[in-house]
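Residue numbers -18 to -1, 1 to 507, in mature numbering (1 follows the signal peptide of the UniProt record, and there is no 0), belong to the letters of the sequence shown in order.
Note that CB positions come from ideal geometry on N, CA and C, so glycine has one too.
From a predicted model like this one, the values you see are computed outputs, not experimental measurements.
All remarks here apply to the structure that follows.
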Amino acid sequence: MFAPGLAWLLLLLPPTLCAGSGHDEAETRECIYYNANWEIEKTNQSGLEKCEGEKDKRLHCYASWRNNSGFIELVKKGCWLDDFNCYDRQECVAKEENPQVFFCCCEGNYCNQKFTHLPDEYGARKSSARYIVRHGTFDAKSQTSASLLNILVYSLLPIAGLSMAILLAFWMYRHRKPPYGHVDINEDPGPPPPSPMLGLKPLQLLEIKARGRFGCVWKARLMNDFVAVKIFPSQDKQSWHSEREIFNTPGMKHENLLQFIGAEKRGANHEMELWLITAFHDKGSLTDYLKGNIVNWNELCHIAESMSRGLAYLHEDVPHCKGDGHKPAIAHRDFKSKNVLLRNDLTAILADFGLAVRFEPGKPPGDTHGQVGTRRYMAPEVLEGAINFQRDSFLRIDMYAMGLVLWEIVSRCTAADGPVDEYMLPFEEEIGQHPSLEDLQDVVVHKKMRPGFKEQWLKHPGLAQLCVTIEECWDHDAEARLSAGCVEERISQVRKLVNGTTSDCLVSIVTSVTNVDLPPKESSI
């Protein structure tokens, strides 16, 4: 019933107000570049940046700045990846009312040379002003509008408001959720202090790479670098808090542990999301890599040695850790191939510390509930609920799981003669892909079964020794298991032995492989 009146009003509007969707999108090839932290990040301070991206994606320019009592301090300028919030914006205009850091994006070459702040809310100041700016131009445009447009807005505003209220009420009715139990966001002491590595840099989510028990992991862009963002819903606040605390433990910077960048809270109340930002590794997890790739002998040793080195360091109690304070022993409690990431050179990186527990002298270890982790990788004592809640017991549980992960790597190795089987999870051949707790108790605890070794593996000198090490990792007697440091030392020793041997000598080594002196079991456990 409003169609004729609206059509008549639209005819009276200026052409620029009606032509929003009719023009071609501006192509962005170059943007103005500026970096206030150029000395720290070792980049150029200013200039032009050539934008590059996927062919079917749009490119934009952006600017970010701070307003310190009318003094505009430029933070960053440069290229921005495909973002629907930037579509068809020929001017760089920030819409937020009063953020800590202003951000705007636009389309078109050098469109970020000038940047503007125009708050969305009605009644914003209409006066124009010119501010002092470093390395850029900032205009506070006057917000005058034609009287006819005001009439149109005032006429449609009540109708739009009523419609939005009805739609919102309907949406809340359809999406109402039960209470979140004991979770109370208000009890949280507040967001963590901003990470100096994260600073004021804009973060852009790109694609979901994985979904897990406590949330999903996104590939994201932080300025010119890719990062991983693990997003927890608000009801999993405790998991986010626990993993953040482990990352913030003194001494957690290590080449074989996932690099922590920062933690953030996004949103409010039950819509709140909890973010952990870490380094991104394009090869993904060890599970994913073994599914699509086979490994040779040297690659197997490199992955296994770096993985055991990382776990050995995690388990170690370091009183004086390079000026970082006391690093306590930490048990992972969910060690599996899915939680081992790979660098491009196949160096192993331990990740996902949401269930990890610290053992600090004179302090209780916190939540040490026995049956946690992934069922398939649970040690016999965990499956039957017979855990001794001491530090060494938890470290030995990790070592059982390491034995299974080592078996996974060996099963995809080309070192032995014969074909390499398709990738399988531990016990997948015995009890399938989705075993119940009862299935695992029957196979692992009562029958004392373990994944099998192929006959050809035992004919290769290196693999044969590695199989011995694996058996001593997953020993049914927890106290008889190797430590991670011992595993690292053994793999290094066997690697040198095999790589220093010619093919003519392999047969004699296989026959005497049991006579090789291996490092003793006693180590840090």
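E342, DSSP secondary structure in three states: Position 360 of the sequence shown, counted from the start, is the residue given in the question as residue 342. Coil at E342, not helix or strand.
First and last residue of the uninterrupted beta strand (DSSP E) at P215: Against the sequence shown, residue 215 aligns to sequence position 233. D207 to P215 is the extent of the beta strand (DSSP E) around P215.
Segments assigned beta strand (DSSP E), at least 3 residues, entirely inside the stretch 248 to 320: DSSP runs (the beta strand (DSSP E)) wholly in the stretch 248 to 320: 255 to 261 and 311 to 313.
Per-residue burial, N238 [other beta carbons within 10 Å of its own, 16 or more giving buried]: Working through the sequence shown from its first residue, we reach residue 238 at position 256. The Cβ neighbour count for N238, taken over all protein chains shown within 10 Å, is at least 16; the residue is labelled buried.
Rounded separation between A460 and S375 - CA only: Position 478 of the sequence shown, counted from the first residue, corresponds to residue 460. Position 393 of the sequence shown, counted from the first residue, corresponds to residue 375. Rounded to whole angstroms, A460 to S375 spans 7 angstroms at the Cα level.
W456, buried or exposed, once every other Cβ within 10 Å from all chains shown has been counted against 16: Within the sequence shown, numbered from 1, the residue matching residue 456 stands at position 474. A buried status is given to W456, since no fewer than 16 other beta-carbon atoms sit within 10 Å of its beta-carbon.
Nearest-angstrom Cα separation, counted from E78 out to P433: On the sequence shown, residue 433 is found 451 positions in, with the first residue counted as 1. On the sequence shown, residue 78 is found 96 positions in, with the first residue counted as 1. If I take the Cα positions, the gap works out to 58 angstroms.
Where T98 falls: helix, strand or coil (DSSP): Position 116 of the sequence shown, counted from the first residue, corresponds to residue 98. In the displayed model, T98 falls within a strand according to three-state DSSP.
Cβ-based burial, H428 [other Cβ within 10 Å; buried from 16]: What you label residue 428 is simply residue 446 of the sequence shown in a count that begins at 1. Only exposed fits H428, as fewer than 16 other CB atoms lie within 10 angstroms of its CB.
Between the CA atoms of I379 and F317 - distance to the nearest angstrom: Working through the sequence shown from its first residue, we reach residue 317 at position 335. Working through the sequence shown from its first residue, we reach residue 379 at position 397. Cα atoms of F317 and I379: separation of roughly 9 angstroms, rounded to the nearest angstrom.
CB contact check: L30 to chain D, cutoff 7 angstroms: The structure shown contains no chain D; it holds only a single protein chain.
Coil, strand or helix - G181 by DSSP: Taking the first residue of the sequence shown as 1, we reach residue 181 at position 199. Here G181 scores only 47 on pLDDT, less than 50, and its place in the model is too uncertain to base an answer on.
Beta-bridge partners of F242, as assigned by DSSP: One-based indexing of the sequence shown puts residue 242 at position 260. According to DSSP, F242 bridges with T260.
Where Q241 falls, given that 16 or more other Cβ within 10 Å makes a residue buried: The residue you call residue 241 lines up with position 259 of the sequence shown. By the neighbour-count criterion, in which a residue is buried when 16 or more other Cβ atoms sit within 10 angstroms of its Cβ, Q241 is buried.
Three-way DSSP call (helix, strand, coil) for N17 in this model: Here residue 17 refers to the residue found at position 35 when the sequence shown is read from its first residue. For N17, the secondary structure class from DSSP, reduced to helix, strand or coil, is strand.
N-terminal and C-terminal residue of the beta strand (DSSP E) that C87 is part of: Along the sequence shown, one-based indexing puts residue 87 at 105. C87 -> beta strand (DSSP E) spans F84 to C88.
Supposed contact pair H42 and E89 - C-beta distance, whole angstroms, cut 8 angstroms: Residue mapping note: residue 89 aligns to position 107 of the sequence shown, counting from 1. Residue mapping note: residue 42 aligns to position 60 of the sequence shown, counting from 1. Between E89 and H42 a beta carbon distance of about 5 angstroms is seen, short of the 8 angstroms cut, so the two are scored as contacting.
Cut-off 7 angstroms between Cβ atoms - residues of its own chain near F222, not counting five sequence neighbours on either side: Reading the sequence shown from its first residue, position 240 is the one you call residue 222. Note on residue identity: the sequence assigns Trp, not Phe, to residue 222. If you ignore the 5 residues before and after W222, its C-beta comes within less than 7 angstroms of the C-beta of F214, L256 and L258, all in its own chain and listed in chain order.
Through-space distance from E411 to T269, alpha-carbon basis: The residue given as residue 269 occupies position 287 in the sequence shown. The residue given as residue 411 occupies position 429 in the sequence shown. The alpha-carbon atoms of T269 and E411 are separated by roughly 16 angstroms.
Outcome for Q372 when other beta-carbon atoms lying within 10 angstroms are tallied against a minimum of 16: Locating residue 372 in the sequence shown gives position 390, counting from the first residue. Residue burial is scored here from C-beta neighbours: Q372 has fewer than 16 other C-beta atoms within 10 angstroms and is therefore classed as exposed.
Segment limits, alpha helix (DSSP H) that includes A383: Here residue 383 corresponds to residue number 401 of the sequence shown, with the count starting at 1. Looking at the DSSP string, the run of the alpha helix (DSSP H) that includes A383 is R373 to V392.
A311 and I391 closer than 7 angstroms at C-beta: The sequence position of residue 311 within the sequence shown is 329, counting from 1. The sequence position of residue 391 within the sequence shown is 409, counting from 1. No, the pair does not count as a contact, with Cβ atoms beyond the cut-off.
Neighbourhood of N278 by C-beta, 6 angstroms cutoff - its chain only, sequence neighbours within 5 removed: The residue given as residue 278 occupies position 296 in the sequence shown. Within the same chain, Cβ atoms closer than 6 angstroms to the Cβ of N278 are found at T396, the five residues on either side in sequence being excluded.
6 angstroms CB neighbourhood of T25 in its chain, flanking five on each side removed: As a working note, residue 25 is residue 43 in the sequence shown. These residues qualify, in order along the chain: N17.
W219 in three-state terms, based on DSSP: Working through the sequence shown from its first residue, we reach residue 219 at position 237. In the sequence under discussion, the amino acid at residue 219 is Lys, which differs from the Trp named in the question. Three-state result, K219: helix.
Q447 beta carbon less than 7 angstroms from that of G400: Within the sequence shown, numbered from 1, the residue matching residue 400 stands at position 418. Within the sequence shown, numbered from 1, the residue matching residue 447 stands at position 465. No; because the gap between Cβ atoms is not below 7 angstroms, this pair is not in contact.
Identified DSSP bridge partners for C43: Translated into positions along the sequence shown, residue 43 becomes position 61. C61 and C88, per the DSSP bridge assignment.
Integer-rounded CB distance, given that G249 should sit under 8 angstroms from D218: Walking along the sequence shown from the start, residue 218 turns up at place 236. Walking along the sequence shown from the start, residue 249 turns up at place 267. Contact between D218 and G249 does not hold, since their C-beta atoms are separated by about 14 angstroms, which reaches or exceeds 8 angstroms.
S267 burial status per 10 Å Cβ neighbour count (16 or more: buried): Counting from one through the sequence shown, the residue named residue 267 turns up at place 285. With a 10 Å radius around the Cβ and a threshold of 16 neighbouring Cβ atoms, S267 comes out buried.
R71 - containing alpha helix (DSSP H), residue span: Within the sequence shown, the letter at position 89 stands for residue 71. First-last for R71: undefined, no H or E at that position.
Collapsed DSSP secondary structure at R358 in the structure displayed: Sequence index remark: in the sequence shown, residue 358 carries index 376 (1-based). Of the three classes helix, strand and coil, the one that applies to R358 here is helix, per DSSP.
Cβ contact check for the stretch 325 to 333 and the stretch 297 to 306: 3 or more pairs under 8 angstroms: Contact fails: fewer than three Cβ-Cβ distances are below 8 angstroms.
Whether A313 touches I228 by CB criterion (7 angstroms): The count along the sequence shown starts at 1 and reaches residue 313 at position 331. The count along the sequence shown starts at 1 and reaches residue 228 at position 246. With a cutoff of 7 angstroms on beta-carbon distance, A313 and I228 are scored as not near each other.
C468 in three-state terms, based on DSSP: Mapped onto the sequence shown, residue 468 falls at position 486. Secondary structure of C468 (DSSP, three-state): helix.
Bounding residues of the alpha helix (DSSP H) (the contiguous stretch that carries E410): In the sequence shown, the residue the question calls residue 410 occupies position 428. DSSP places E410 in the uninterrupted alpha helix (DSSP H) bounded by E410 to I413.
Nonlocal neighbours in the same chain, by C-beta distance under 7 angstroms from R357, ignoring five residues either side: On the sequence shown, position 375 is the one that residue 357 refers to. Excluding sequence positions up to five before and after R357, its CB lies within less than 7 angstroms of the CB of P417, L419 and L422, all in the same chain and listed in chain order.
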